[in-house]
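Asker: One structure is given below, represented as structure tokens, and several questions about it will come after.
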Amino acid sequence: MAKGFSLDDLWNSASPGDRAFQPDIISSLPEPARRYLEHAIAPGTQLSSAVRLRMHGEIKRWLPFTAEQVIVRDRGFIWSATVRMNGMPIRGFDRLVDGEGSMRWRLFGIIPVMTASGPDITRSAAGRVAGEAVWLPSALCDSSVSWTATDSSRLHAKFTTDGHESDLECRIDDRGRIESLKMQRWGNPDGRGFRHIDFGCFAENEGTFNGYTIPTRLRVGWYFDTPRFETEGEFFRCTIDSAEFR
Numbered sequence: 005m006a007k008g009f010s011l012d013d014l015w016n017s018a019s020p021g022d023r024a025f026q027p028d029i030i031s032s033l034p035e036p037a038r039r040y041l042e043h044a045i046a047p048g049t050q051l052s053s054a055v056r057l058r059m060h061g062e063i064k065r066w067l068p069f070t071a072e073q074v075i076v077r078d079r080g081f082i083w084s085a086t087v088r089m090n091g092m093p094i095r096g097f098d099r100l101v102d103g104e105g106s107m108r109w110r111l112f113g114i115i116p117v118m119t120a121s122g123p124d125i126t127r128s129a130a131g132r133v134a135g136e137a138v139w140l141p142s143a144l145c146d147s148s149v150s151w152t153a154t155d156s157s158r159l160h161a162k163f164t165t166d167g168h169e170s171d172l173e174c175r176i177d178d179r180g181r182i183e184s185l186k187m188q189r190w191g192n193p194d195g196r197g198f199r200h201i202d203f204g205c206f207a208e209n210e211g212t213f214n215g216y217t218i219p220t221r222l223r224v225g226w227y228f229d230t231p232r233f234e235t236e237g238e239f240f241r242c243t244i245d246s247a248e249f250r
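In the numbering used here, the protein residues as written are 5 to 250.
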């Protein structure tokens with residue numbers, strides 16, 4: 005990783021959870037928020053500060069990839085992957101660590117394909133990690149998260165990531181399972197300049213790991229909840245193979 009900071013470094017920096025989840029700690033939240041969190045976190049589960057994911061899927065022109073990701077609450081994330089293009093490996097990472105976002109991708113791990121950093125990349129990465137909070141549900145139990153419910157199946161979680169405010173709209177079923185997520189994310193998918201654009205995902209499956217139930221098969225993209233999502237916005241499909249919490 006750039007500046008010598010690796011995925012393992014980020015994982016090892018996380019402090020193990022020091023308290024357990026019990027439904028009474030969310031008793032003041034709206035009913036749909038309680039239903040989601042009680043579905044996502046089993047009673048007695050340690051409220052973790054980090055998650056380590058292994059996944060596979062397809063990205064952009066539906067190129068296959070395998071990846072590992074670490075998300076640490078209050079520090080950020082690193083997503084390290086190998087993408088195959090015509091059988092050739094492109095290796096690299098997207099990340100946001102301690103308020104600095106960057107991307108670096110190289111063919112065979114040697115020939116530069118894409119490098120990006122700066123305020124717009126950081127702001128976009130902050131939006132990404134906000135949306136991925138559903139892979140670390142313990143982060144959504146914090147008192148800094150403001151929950152409101154539009155109706156029995158749609159709720160909003162408002163919080164700040166690296167100084168950037170996020171409003172995560174979650175649609176859930178009657179059990180509390182997440183069906184979709186939507187937010188305004190800073191990005192430039194069409195080359196017309198960075199701006200806030202509808203972004204989100206459909207969650208098509210879920211799995212339980214160490215007391216946490218999280219989405220495990222997702223379709224992700226820009227222009228969410230519009231016809232453009234299907235025709236040009238969707239760019240990422242993934243399946244979570246394993247999840248470890250700390």
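Each residue gets a CB set at the ideal place from its N, CA and C atoms; glycine is no exception.
#1: Quick one: what does DSSP say L11 is sitting in, helix, strand or coil?
#2: From the DSSP output, read off the bridge partner residues of Y216.
#3: I need the DSSP call for P20, collapsed to helix, strand or coil.
#4: Only counting the same chain, and skipping five residues up and downstream in sequence, which positions put a Cβ closer than 8 Å to that of D177?
#5: According to the neighbour-count rule (16 or more other Cβ atoms, all chains shown, within 10 Å of its Cβ), is K186 buried or exposed?
#6: In chain order, what residues of the same chain lie with their CB nearer than 6 Å to the CB of R189, ignoring the 5 residues before and after it?
#7: Quick one: give me the first and last residue of the beta strand (DSSP E) that R175 is part of.
#8: Could you give the distance in angstroms between the alpha-carbon of D171 and the alpha-carbon of H160?
#9: Tell me P93's beta-bridge partners as DSSP assigns them.
#10: When you compare only the Cα positions, how much space is there between T212 and A129?
#11: When DSSP labels each residue in this structure, what does S150 get in the three-state scheme?
#12: Quick check on the DSSP output: what are the complete beta strand (DSSP E) runs of length 3 or more inside the region 99 to 168, in order along the chain?
#13: According to DSSP, is T235 part of a helix, a strand, or is it coil?
#14: If you measure between the beta carbons of I63 and F233, is that distance less than 7 Å?
#15: Output the distance between the C-alpha atoms of M92 and P20, rounded to the nearest integer angstrom.
#16: Rounded to the nearest angstrom, what separates G122 and L140 at their Cα positions?
#17: In whole angstroms, what is the alpha-carbon distance linking R23 and D194?
#18: Let me confirm a value: P27 is counted as buried when at least 16 other C-beta atoms fall within 10 Å, else exposed. Which label applies?
#19: Use the C-beta contact count for W66: other C-beta atoms within 10 angstroms, 16 or more gives buried, fewer gives exposed.
#20: Would the region 90 to 109 and the region 74 to 82 be scored as touching if the rule is three or more Cβ pairs under 8 Å?
Answerer: Walking through what the data contain:
#1: For this step, residue 11 is matched to residue 7 along the sequence shown. Helix at L11.
#2: Taking the first residue of the sequence shown as position 1, residue 216 is located at position 212. DSSP, once it has assigned bridges, lists I45, F213 as partnering Y216.
#3: Start at 1 with the first residue of the sequence shown, and residue 20 comes out as number 16. Secondary structure at P20: coil, using DSSP grouped into helix, strand and coil.
#4: Here residue 177 is taken as the residue at index 173 of the sequence shown, counted from 1. Counting only Cβ-Cβ distances below 8 Å, and skipping sequence neighbours, we find S157, E183.
#5: One-based indexing of the sequence shown puts residue 186 at position 182. Buried: at least 16 other Cβ atoms inside 10 Å.
#6: For the purposes of this step, residue 189 is identified with residue 185 of the sequence shown, where counting begins at 1. Leaving aside the five residues that flank R189 on each side, the residues in its chain whose CB is nearer than 6 Å to its CB run, in chain order, G131, F203.
#7: Within the sequence shown, the letter at position 171 stands for residue 175. 168 to 176 is the span of the beta strand (DSSP E), which, as asked, contains R175.
#8: Along the sequence shown, read from residue 1 onward, the residue named residue 171 stands at position 167. Along the sequence shown, read from residue 1 onward, the residue named residue 160 stands at position 156. Taking the straight line joining both Cα atoms gives about 6 Å.
#9: To locate residue 93, count along the sequence shown from 1; it is residue 89. In the DSSP output, where bridge partners are listed per residue, P93 has R88.
#10: Reading the sequence shown from its first residue, position 208 is the one you call residue 212. Reading the sequence shown from its first residue, position 125 is the one you call residue 129. For T212 and A129, the distance between alpha carbons rounds to 26 Å.
#11: One-based indexing of the sequence shown puts residue 150 at position 146. Per DSSP, reduced to three states, the secondary structure at S150 is strand.
#12: The region 99 to 168 contains these whole beta strand (DSSP E) runs: 104 to 111, 115 to 121, 150 to 155, 158 to 165.
#13: Position 231 of the sequence shown, counted from the start, is the residue given in the question as residue 235. Looking at T235 - three-state DSSP - the assignment turns out to be helix.
#14: Working through the sequence shown from its first residue, we reach residue 63 at position 59. Working through the sequence shown from its first residue, we reach residue 233 at position 229. Not closer than 7 Å, so no.
#15: In the sequence shown, counting from the first residue as 1, residue 92 sits at position 88. In the sequence shown, counting from the first residue as 1, residue 20 sits at position 16. Distance between the alpha carbons of M92 and P20 is about 38 Å.
#16: Here residue 122 corresponds to residue number 118 of the sequence shown, with the count starting at 1. Here residue 140 corresponds to residue number 136 of the sequence shown, with the count starting at 1. Between the alpha carbons of G122 and L140 lies a distance of about 26 Å.
#17: Taking the sequence shown and counting its residues from 1, one reaches residue 23 at position 19. Taking the sequence shown and counting its residues from 1, one reaches residue 194 at position 190. If you draw a straight line from the Cα of R23 to the Cα of D194, it is about 44 Å long.
#18: By 1-based counting over the sequence shown, the position of residue 27 is 23. The residue in question, P27, is exposed, as its Cβ has fewer than 16 Cβ neighbours within 10 Å.
#19: What you label residue 66 is simply residue 62 of the sequence shown in a count that begins at 1. So W66 counts as exposed.
#20: Taking a cut-off of 8 Å for Cβ pairs, the region 90 to 109 and the region 74 to 82 touch, as three or more such pairs fall below it.
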